[in-house]
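Visitor: I have a structure I would like to understand better, so I am pasting it below and will then ask my questions one at a time.
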Amino acid sequence: MEKKIAVIRGDGIGPEIVNEAVAVLDAVAAKFGHTFRYSDVLMGGCAIDECGVPLPQATVDACLASDAVLLGAVGGPKWDAVPKEIRPERGLLGLRGALGLYANIRPARLFPQLRRACPLRPEIADKGIDFLMVRELIGGVYFGEHRSEQADGQEKATDIMAYSEEEIRRIAHVAFRLAEKRRKKVTSVDKANVLATSRLWRRVVAEVAQGYPDVELSHMYVDNCAMQIVRDPSQFDVIVTENLFGDILSDEASIITGSIGMIPSASLGGGTLGLYEPIHGSAPDIAGTDTADPIGTILAAAELLRDSFDLMEEARAVEDAVSRVLDAGYRCGDIMSEGCTAVGCREMGRLIREAI
Ligand code: NAD
Ligand code: IPM
Ligand code: MN
């Protein structure tokens, strides 16, 4: 199979973790006889430095002309003072919007080998952690109007949060379809006791549920959900929620599985073109030190093989390789525990390639 992959290395640890993920894809290509052609494109802070904007049109065009997009992370203190219209993060939001990627899927699964990296009490972790966060990605307050003005002698700021029925309906279908193939439970998370968008969310999700009689739907307020994720994560199968709640809850869900550095994400739209990235950011505090954990990005590459290229065996080969390296006791600093062997980013990548 021959496929085109647009590669966005980005800022901070982005280039380090993407190097390892691309090398893993090369190992898969060599083993299974595929050809992956990469086009390197700029987004985020590095694009601001080179082109003056966080998302050059050439990047959007290259992504649209590719079969999938692999991304590291963008942003960092160097660009904190740039005008808000050209912040690095605006590049990422713009790309998600331009590609129509409305569904962001973030797994929370505790590798059995990482029991000791899980911060929850053993009796909670032992009940199992294996759920999916399905986050709406191109609506809500992220994509509403953001305004700041002078009023009564002081600055006043406004962010608009809006959702249409159709925006809710399409993400609800994604959640129910995923749940059908899993433990058949959807928890829809909202703040319907306060927000109009959440009341609409609840009504539309309940309507969509009618088409999935085998799947059990429950509703939960977001504040309760934040608590339940640490109290008893085994109760969740698929969580579906709006953009900002999903952003916050998915970072929380990541840490109960050991580290934010190990969680991949797939952003999907109507077609086969998907964007694959780890859920974490550019980690400026550890950039350039070869200590970033590349596993989240490597598992994102596995998702890319599965979701965009339909290469099931190849995706499994990458996931099994990660599992074997963890079995052998190798850990990056984020999940290091007693008796294990500490390795850096490059070494972790090499071990996973060799295990493929
Ligand atoms: P972050 O996720 O970059 O880092 C949070 C903490 O987790 C840091 O201590 C970091 O060292 C650690 N961490 C993250 N990834 C790791 C990895 N792979 N291995 C080991 N440790 C890891 O979040 P932040 O510090 O709030 O944000 C930094 C920058 O990244 C900001 O500019 C933010 O806007 C941006 N950001 C970008 C993305 C993205 O590109 N998708 C996502 C989140 C944040
Ligand atoms: C993420 C990030 C982004 C988001 C930022 C960088 C815009 O936190 O992918 O989770 O909030 O969606
Ligand atoms: Mn986030």
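When we follow full-length UniProt numbering, the leftmost residue of the sequence shown carries the number 1, and every step to the right adds one. All C-beta atoms, glycine included, are put in the ideal place defined by N, C-alpha and C.
So the candidates are P88, G258, Q228; which of them puts its Cα closest to the Cα of D334?
Guide: Among P88, G258, Q228, the Cα nearest to that of D334 belongs to G258.
Visitor: Please name the residue in D49, D11, A108, V322 whose C-alpha comes closest to that of residue 357.
Guide: Examination of residue 357 is not possible in this model, given that the chain is present from 1 through 356 alone.
Visitor: Cβ of I279 versus every heavy atom of the ligand IPM: is any distance shorter than 7 Å?
Guide: The answer is yes for I279.
Visitor: The ligand NAD heavy atoms versus the CB of E89: any closer than 7 Å?
Guide: Yes, the beta carbon of E89 sits closer than 7 Å to at least one heavy atom of the ligand NAD.
Visitor: In chain order, what residues place their C-beta within less than 6 Å of a heavy atom belonging to the ligand MN?
Guide: Matched residues: D247, D251.
Visitor: With distances taken Cα to Cα, identify the nearest neighbour of P119 among A342, A292, G344, S254.
Guide: Out of A342, A292, G344, S254, S254 has the C-alpha closest to the C-alpha of P119.
Visitor: If you follow the alpha helix (DSSP H) that K31 is part of, which residue opens it and which one closes it?
Guide: 14–32 is the span of the alpha helix (DSSP H), which, as asked, contains K31.
Visitor: With distances taken between CB atoms, is the gap from I239 to V174 smaller than 8 Å?
Guide: No, they are not a contact pair.
Visitor: At a cut of 8 Å, does the region 124–139 reach the region 282–289 through at least three beta carbon pairs?
Guide: The region 124–139 is not in contact with the region 282–289.
Visitor: Under the criterion of a Cβ to heavy atom distance below 7 Å, does G75 qualify as lining the ligand IPM?
Guide: Indeed, a heavy atom of the ligand IPM lies less than 7 Å from the Cβ.
Visitor: Count the other CB atoms within 10 Å of the CB of V194; is the residue buried (16 or more) or exposed (fewer)?
Guide: By the neighbour-count rule (16 or more Cβ atoms within 10 Å), V194 is not buried but exposed.
Visitor: Output the residue ranges of the beta strand (DSSP E) runs that lie fully inside the region 249–301 and measure 3 residues or longer, sorted by chain position.
Guide: DSSP runs (the beta strand (DSSP E)) wholly in the region 249–301: 264–268, 274–278.
Visitor: Need the endpoints of the beta strand (DSSP E) that M133 sits in, please.
Guide: That run of the beta strand (DSSP E) goes 130–136.
Visitor: Would the C-beta of S337 count as close to the ligand NAD, meaning under 7 Å from any of its heavy atoms?
Guide: No, the Cβ of S337 stays beyond 7 Å of every heavy atom of the ligand NAD.
Visitor: S188 bridges to which residues according to DSSP?
Guide: According to DSSP, which records beta bridges pairwise, S188 is partnered with H219, V240.
Visitor: Residues in its own chain within less than 6 Å of M220 by CB, not counting five upstream and five downstream?
Guide: T187, V189.
Visitor: Does the Cβ of G44 have 16 or more other Cβ atoms within 10 Å, making it buried, or fewer, making it exposed?
Guide: By the neighbour-count rule (16 or more Cβ atoms within 10 Å), G44 is buried.
Visitor: Taking only three categories from DSSP, how would you classify E121?
Guide: Looking at the sequence shown, residue 121 is not Glu but Arg. Three-state result, R121: coil.
Visitor: Can you determine whether any heavy atom of the ligand IPM sits closer than 7 Å to the C-beta of L92, and answer yes or no?
Guide: L92 Cβ: within cutoff of the ligand IPM.
Visitor: Quick check: does the Cβ of S282 come within less than 7 Å of any heavy atom belonging to the ligand NAD?
Guide: Because some heavy atom of the ligand NAD lies under 7 Å away, the Cβ of S282 counts as near it: yes.
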